[in-house]
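Each residue of the sequence shown is one higher than the one before, counting from 8 in this note's numbering. Worksheet for the structure shown next.
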Amino acid sequence: MQERIVEIIVFILSEIKFNNKELKDVNLSALEKMGFSKSELNAAFSWLSDRLYLLEKYKENKASQKTFRILHDIEKYIFSPQAYGYLLQLKELDIIDEVDMEYIIDILMRTSQSVDISEINSLIASIVLQRAGNYFGNLNSYENESVN
Numbered sequence: 008m009q010e011r012i013v014e015i016i017v018f019i020l021s022e023i024k025f026n027n028k029e030l031k032d033v034n035l036s037a038l039e040k041m042g043f044s045k046s047e048l049n050a051a052f053s054w055l056s057d058r059l060y061l062l063e064k065y066k067e068n069k070a071s072q073k074t075f076r077i078l079h080d081i082e083k084y085i086f087s088p089q090a091y092g093y094l095l096q097l098k099e100l101d102i103i104d105e106v107d108m109e110y111i112i113d114i115l116m117r118t119s120q121s122v123d124i125s126e127i128n129s130l131i132a133s134i135v136l137q138r139a140g141n142y143f144g145n146l147n148s149y150e151n152e153s154v155n
């Protein structure tokens, strides 16, 4: 369930960043047509509104320093190009930061023989959304809702 919220967050942030939309202008009906429930959408929007506020405060206090993480040859063996590209996209969209990225790579290097996007989504959901749970309540309350 939390992986689906990550998918919504990636979609919304892509719309904001690459299509120059504001959070309020993102088309909810498109997400509903993709099969996401209102509870999942509410959880994603709630996380985003808190996160965007915190990001603005953070950016006010820190000069923008973009770094680019290059995989070691052993890491390239484990991560598919799509999985690494997705991880970079999450970082570019400010869903994760450099510390999160290193932590995710480290965990997956120790626990996986090959990494795909679904594994990254699962880890993102458990790390990032659980950490954010304090901001807007427990995401597990949405787990029992059925999706039509």
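Virtual Cβ for every residue (Gly too), placed ideally from N, Cα, C. Predicted model only: the values in this text are computed from it and were never measured.
In the three-state reduction of the DSSP assignment, Val13 falls in the helix class. Residue Tyr84 holds the alpha-carbon nearest to the alpha-carbon of Ser121 among Ile77, Glu105, Glu47 and Tyr84. Per DSSP, the beta-bridge partners of Phe86 are Val122.
For Lys40, the secondary structure class from DSSP, reduced to helix, strand or coil, is helix. Comparing alpha-carbon positions, the option among Ser56, Asn27, Glu14 and Glu22 lying closest to Glu47 turns out to be Glu14. By the criterion of a C-beta distance shorter than 6 Å, Ile131 is surrounded in its chain by Val13, once the five residues flanking it on both sides are discounted. At a Cβ-Cβ threshold of 9 Å, Ala90 and Ile134 do not count as neighbours. Excluding its 5 nearest sequence neighbours in each direction, Thr74 has C-beta neighbours in its own chain below 8 Å: Glu105, listed in chain order. The Cβ atoms of Ile114 and Ile103 do not sit closer than 9 Å to each other. Just so you know, the alpha carbons of Asp32 and Gly92 end up roughly 26 Å apart.
Ile81 sits exposed, since fewer than 16 C-beta atoms from the chains shown fall within 10 Å of its C-beta.
Taking the Cα positions, Leu94 is about 22 Å away from Leu30.
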